[in-house]
Structures are given as C-alpha cells and as structure tokens.
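> Have a look at this one before I ask anything.
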Amino acid sequence: MSDAKTVAVIGAGPVGLAAAAHVLERGMTPIVLEAGADIGHAVRQWRHVQLFSPWEYNVDGAAQRLLAATGWNSPAPDQYPTGGELLEFYLEPLANRTELKPYIHTSSRVTDISRVGFDKLKTKGREAAPFEIRYQNGQGPKTVRADAVIDASGTWHAPNPAGANGLSAIGERENQNRIAYGMPDVWGADRQRYAGKRVAVLGAGHSAIGTLTELARLKARSPGTEVIWLLRGDNPAKAFGGGANDKLAARGELGSAFGALVAAGEIRVEKEFRVTHLSADKDGLRIGGGSACCGRNVIADELIVATGFRSDLSFVRELRIQLDAAIECPVALAPLIDPNEHSCGTVRPHGARELAQDEPGFYFAGMKSYGRAPTFLMLTGYEQVRSIAAEIAGDHEAANRVQLVLPETGVCSRAPAAGASEGSCCGGTAPAGVDACCADDAAAKQDGKSGCGCG
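Here you go:
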C-alpha cells in the first residue's frame, strides 16, 4: 500500500524531520516544506536556550538510523544541548548528509491545503482525492499533491499576546518597539537592549522562568538592571516545579534556582497582575493591569511576553478539521493534555488514533498538535510521527502500539505528602542563609508575611 504514497510534511524542525525519516523508512516519499530559509528555522530563534532533556530524549529513532548510515558521531546521551547544538550536531547533519536531503524544500511557505477538485462542502469521493498543497517560494506560487499531510509547522511564530483575556492589550500593537515575545537572548545577542534597563517579564511557564533567571544574571553584571516578574496568578511557587523530584533534572534545577532568586529579592514580583493596557510616556512603558483609569501600573523600559503560543490555522481552512473548543488541539487529544489537569510530564504517549481528523490522511503533529497547551515534550512528537507514518503506511498494529516511556515529575507544584523529602517541600529547599523552612516560606517572608504556614 505504501510504495506509491507521497506524504507532505509541513515544517523542517525536529518533529518535521523525524516525520520525514519515518515516512522514508516506511517506503513512502516525503515532501518537506519549510517556510524558513534553513531547516530548524524556529530552533534558530532560541538557539541560546539549553534544553531540559538530555540528548537521549532529543534524537528520533528513525532519524538516528538514517544518520548511522553516514557514520554520524552521536552526542553523549547524558549531555544537555542548547538549541544551537541541537542544530549543529543533529538537525543539520540529518537534513544535509542523509537520504532526506533531496526531499527538503526551504523558503517554501504553505499558504493553502485542500483536496483536488473538492471544496470543504463536497463529500462523495472526497477520501480518494489527493491533497493539493499550495506554497510560496522565491519563484512564486507553487503546487504539490500528496496522499497524506503531516502538519508539524509548530507555533513559534504565533505567540500569545500580553492581554490577560487572550486578546492583544490595548496599545500592544502601537508599542511593538518595546516588546519582545518568547525567549530573547538577554545575556547574549540582545544584551545591549536589556542591560541597565527596567525589564518586565510576563508569564509563568519555563520560557518566562528561564528569561527571568538570565535577567537576574545580567543584573549581577549590570547593576542598573531591574527585573520585574508580572504574574497573572497569586502563587509564585507554582512556577518553581518539582525541584529534585523532577526526572528531567535540568528542568528541576531551573525551578529551584529561580525560587531562590525570588526568595532573595533579586526579582520583583507583581502577583495577580493581568495586563490590559500598554502606553509609552516620558517615564517609559506603562503597563496597566485593570481599568485604564484606576488599575495598577508598572513602569518598565522593556516588556518580554512569555505567555505561550497558539497555532496558525489559516492554511487549513478548506479541510474538515475538528479541534477542542478551549485548547485548539485534536478533540481526542484534549483530555490527555489539558493544562488545567496535566503538567510536568503527566501526559501519556499518544499517536495517530488521538490525532486523527475528519479529513482522512491529515494530521497535526508536534507542538502544533497541542494547540495552546504548554505541556509538549519533543520526545512526544517523535512518538506521534512514528505512529502516524505507520498508520499512513497501513500498519495499524504498529500505529496503535506505544513505544515510548516518558520521564515523569514527582512533584508538580503541589504541597508535599506526609513523609516527603525536604527537597520536595513547597517549592524546594529554602535558599542558603535565609531563615525559612522551604522556598515557599522564604518567598512569603520576602513579601512581608510571617511565612507560608507549612512548617
């Protein structure tokens, strides 16, 4: 069944290239369309960031088999790569030195997908019609046909806005010159922009924590730097994570180190701050929370918005797609990844069955499959595309077989159970030299309270 099948893969990031490797290994023909000028275009935007997971969790099986045929020297499995090292030692060799190379087309932005001869309304005979993928490159508009499509285009270029209601804050578009999204390289390439400035960071996920930690490091070198954490919630300790109990050690260490910085007062915390307005005046960028006339205000020189991402669904509007109303992910996947219920590695492995759409042969994969949920791990994406490729090839047994055991986190920002170790207590161990029983207790006392009440 698979010999004549052509599979279009949108995106040449880690999951997109892994999808192409599995498609090729199954005897099918991949066509990889990457919007950027190079493979891994989104990864290049965060190349300064160290991954939470070591190399053993960042290399796909089919990709590794392709690389092995070239004499590839695999990195040490227990080392933690940066985004730049992921590119240099894995993604670029995979794209340029293996059998995948002739199937990858960069500077090829997909603009529309449909079925040949069928609009969204027409049903009879629809499943037998190939997909028509339109894309734009330097030569103008192009068209390619495929039997199946895997959309692994990611979400990096569609960040969530600053507004607490999911909309852009009033004045956000007008003040773009003072706003950055995601994880700017505050210690490296963007250092001059932030050194000696008042910098506010909005968000409570790992991107926000990593950026705040780097800004605190910059503050130590440039004393005029002021670091402000704008937190929509009321409990900073939720961002500290599982500490020593996190099976992704680098993630746990980041949370613990960040908790210590907050407890030591290196980062000013503005809790329950929900951004509504942004405006510039002689004092700087005025960040308003609440109504324009009588809400709270924070004055900063720069704002970094690290509130997550959302999917660009514009080019799939002629396909029959069903998404969860809240998370904007495949409906069957939603209960498995709901961020109100899941975090810290509690999402179980899943594949083609959960990712299937009413449009047979079309799948979201990778970060894009998670919609607005922030609980995605790269290894999960590799398992997704392994299963999807098997399903497209007609190997339903392999598609339904789970071949992945994810690292879990023992503590997900919850109070410890009786008898739990000190390292798991309330955000982690208290910083050295601070009179407190745990990180939460230290943070509470820093806020002028008697403590957090846990000890």
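FYI, the numbering for the sequence shown is -19 to 435, going by our numbering.
We treat Cβ as the ideally placed atom computed from N, Cα and C, and that holds for glycine.
Alpha carbon to alpha carbon, how far is Val285 from Pro141? Give it in angstroms, no decimals.
As a working mapping, residue 141 is identified with position 161 in the sequence shown. As a working mapping, residue 285 is identified with position 305 in the sequence shown. About 7 Å.
> So who's on the other strand from Gln44, going by DSSP bridges?
Working through the sequence shown from its first residue, we reach residue 44 at position 64. In DSSP, Gln44 forms no bridge with anything.
> For Gly361 and Lys262, what's the separation of their Cα atoms in angstroms?
Translated into the one-based positions of the sequence shown, residue 361 becomes position 381. Translated into the one-based positions of the sequence shown, residue 262 becomes position 282. Each residue's Cα considered, the two are about 47 Å apart.
> Can you find at least 3 beta carbon pairs, one from the region 129 to 145 and one from the region 279 to 299, that sit closer than 8 Å?
Flag = yes, the region 129 to 145 and the region 279 to 299 touch.
> Between which residues of its own chain and Phe356 is the CB-CB distance below 6 Å, once the five residues before and five after are set aside?
As a working mapping, residue 356 is identified with position 376 in the sequence shown. Contacts found: Met347 and Tyr350.
> Given this structure, state the Cα-to-Cα distance separating Asn157 from Asp375, to the nearest angstrom.
As a working mapping, residue 157 is identified with position 177 in the sequence shown. As a working mapping, residue 375 is identified with position 395 in the sequence shown. Approximately 51 Å, taken between the alpha carbons.
> Once the 5 residues before and after Gly(-4) are set aside, which same chain residues still bring their CB inside 6 Å of it?
As a working mapping, residue -4 is identified with position 16 in the sequence shown. So the qualifying residues of the chain are Val(-11) and Ala132.
> Identify whether Lys(-15) lies in helix, strand or coil by the three-state DSSP scheme.
As a position in the sequence shown, residue -15 is number 5, starting the count at 1. Correct three-state label for Lys(-15): coil.
> Checking contacts by CB at 8 Å: is Ala196 closer than that to chain C?
The structure shown has no chain C; it contains just one protein chain.
> Do you know offhand how far Thr91's Cα is from Ala306's?
For the purposes of this step, residue 91 is taken as residue 111 along the sequence shown, with counting starting at 1. For the purposes of this step, residue 306 is taken as residue 326 along the sequence shown, with counting starting at 1. The straight-line gap from Cα to Cα measures roughly 25 Å.
> Quick check on the burial criterion: 16 or more other C-beta atoms within 10 angstroms. Buried or exposed for Arg394?
If you number the sequence shown from 1, residue 394 lands on position 414. Low local confidence applies: a pLDDT of 29 at Arg394 is under 50, so the model's placement there is unreliable, with the coordinate-based value given in what follows. That one is exposed.
> Could you have a look at Leu384 and say whether DSSP puts it in helix, strand or coil?
Against the sequence shown, residue 384 aligns to sequence position 404. Coil at Leu384, not helix or strand.
> Leaving out five residues on either side along the sequence, give the residues of the same chain with a beta carbon under 6 Å from the beta carbon of Gln337.
Here residue 337 corresponds to residue number 357 of the sequence shown, with the count starting at 1. Ile301, listed in sequence order.
> Using DSSP bridges, identify the partner residues of Tyr115.
Numbered from its first residue, the sequence shown carries residue 115 at position 135. Bridge partners of Tyr115: Val90 and Lys122.
> Over the uninterrupted beta strand (DSSP E) stretch that includes Thr256, give me the two end residues.
Position 276 of the sequence shown holds residue 256. Counting along the chain, the beta strand (DSSP E) containing Thr256 begins and ends at Val255 to Asp261.
> How about Arg89 and Tyr60: are their beta carbons less than 8 Å apart?
Taking the first residue of the sequence shown as position 1, residue 89 is located at position 109. Taking the first residue of the sequence shown as position 1, residue 60 is located at position 80. Their beta carbons are not under 8 Å apart, which means Arg89 does not touch Tyr60 by this criterion.
> Going straight from the alpha carbon of Ala48 to that of Ser236, what length do you get?
In the sequence shown, counting from the first residue as 1, residue 48 sits at position 68. In the sequence shown, counting from the first residue as 1, residue 236 sits at position 256. Near 38 Å, if we compare the C-alpha coordinates of Ser236 and Ala48.
> Within its chain, find whatever has a CB closer than 6 Å to the CB of Phe238; leave out the 5 residues flanking it on each side and keep chain order.
By 1-based counting over the sequence shown, the position of residue 238 is 258. So the qualifying residues of the chain are Ile189 and Thr193.
> Starting from Arg248, trace the alpha helix (DSSP H) in both directions and tell me its first and last residue.
Here the question's residue 248 lines up with position 268 in the sequence shown. Run containing Arg248: none in the alpha helix (DSSP H); it sits in the beta strand (DSSP E), Arg248 to Glu250.
> Is DSSP giving Val39 helix, strand or coil here?
Translated into the one-based positions of the sequence shown, residue 39 becomes position 59. It is coil, neither helix nor strand.
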